[in-house]
Amino acid sequence: MELRLTTPSAPFLTVAPRGLELALVMDIQAYASLPSASLAPLFLLRLSSNISASVTVSADRLYGTLASGRLELSLKHSDIGPFSVEGLQQFMNFCASHILLPLANDRLKKGFSLPLPKHVQLSGCSLQPRQDFLLLGADVRYGC
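Residue numbers (this note's numbering): 17 to 160.
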């Protein structure tokens, strides 16, 4: 079996005072690998989810945490007949909340370096989500 993932639209990021939200939509096309090395289409699934994010900043790093909403799975088309995706949706929600989200949050806890010019130091940093933008406040010091 082979799975091909495509996104019918770009992820949509919303920045609001309550935080950041990312809306994702993905199509998953499943194929059977035939002995002749060709592929036979089996079914097409639509996966959608909203992910909430909080972002913080220190003098030289950007940190974050993710919280996922429920994954929604639906059958868009089937070449093998209709079937229920409820069990697969439950499995994917379990994997997302118990495997993928902890892995992503472990990486985000380590943070990402801020691209600062040489000899620039930040202190007293704060990051505040506002309507349609993030406000970064900091005291800037230039010197050795």
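Where a beta carbon is used, it is the ideal one built from N, C-alpha and C, also for glycine. Source: prediction; values computed, not measured.
I need the straight-line Cα distance from residue i to residue j, nearest angstrom please.
i: residue 67; j: residue 56; result: 33 Å
i: residue 70; j: residue 145; result: 9 Å
i: residue 120; j: residue 81; result: 8 Å
Going by Cα to Cα distance, which pick from the options is closest to residue i?
i: residue 159; options: 62, 21, 54 and 136; result: 136
i: residue 149; options: 32, 19, 20 and 44; result: 32
i: residue 111; options: 93, 84, 94 and 99; result: 84
i: residue 124; options: 154, 52 and 77; result: 77
i: residue 130; options: 43, 87, 141 and 45; result: 141
i: residue 27; options: 50, 86, 60 and 65; result: 65
Between which two residues does the beta strand (DSSP E) containing residue i stretch?
i: residue 151; result: 149–158
i: residue 120; result: Here residue 120 belongs to no beta strand (DSSP E); instead the alpha helix (DSSP H) covers 117–126.
Please classify residue i as buried or exposed, where buried requires at least 16 other C-beta atoms within 10 Å of its C-beta.
i: residue 156; result: exposed
i: residue 108; result: buried
Alpha helix (DSSP H) containing residue i: first to last residue?
i: residue 33; result: Residue 33 -> no alpha helix (DSSP H), and no H or E assigned at all.
i: residue 110; result: 102–111
Check the C-beta distance from residue i over to residue j and give it rounded, since I have them as a contact under 8 Å.
i: residue 90; j: residue 101; result: 7 Å
i: residue 46; j: residue 17; result: 6 Å
i: residue 43; j: residue 60; result: 6 Å
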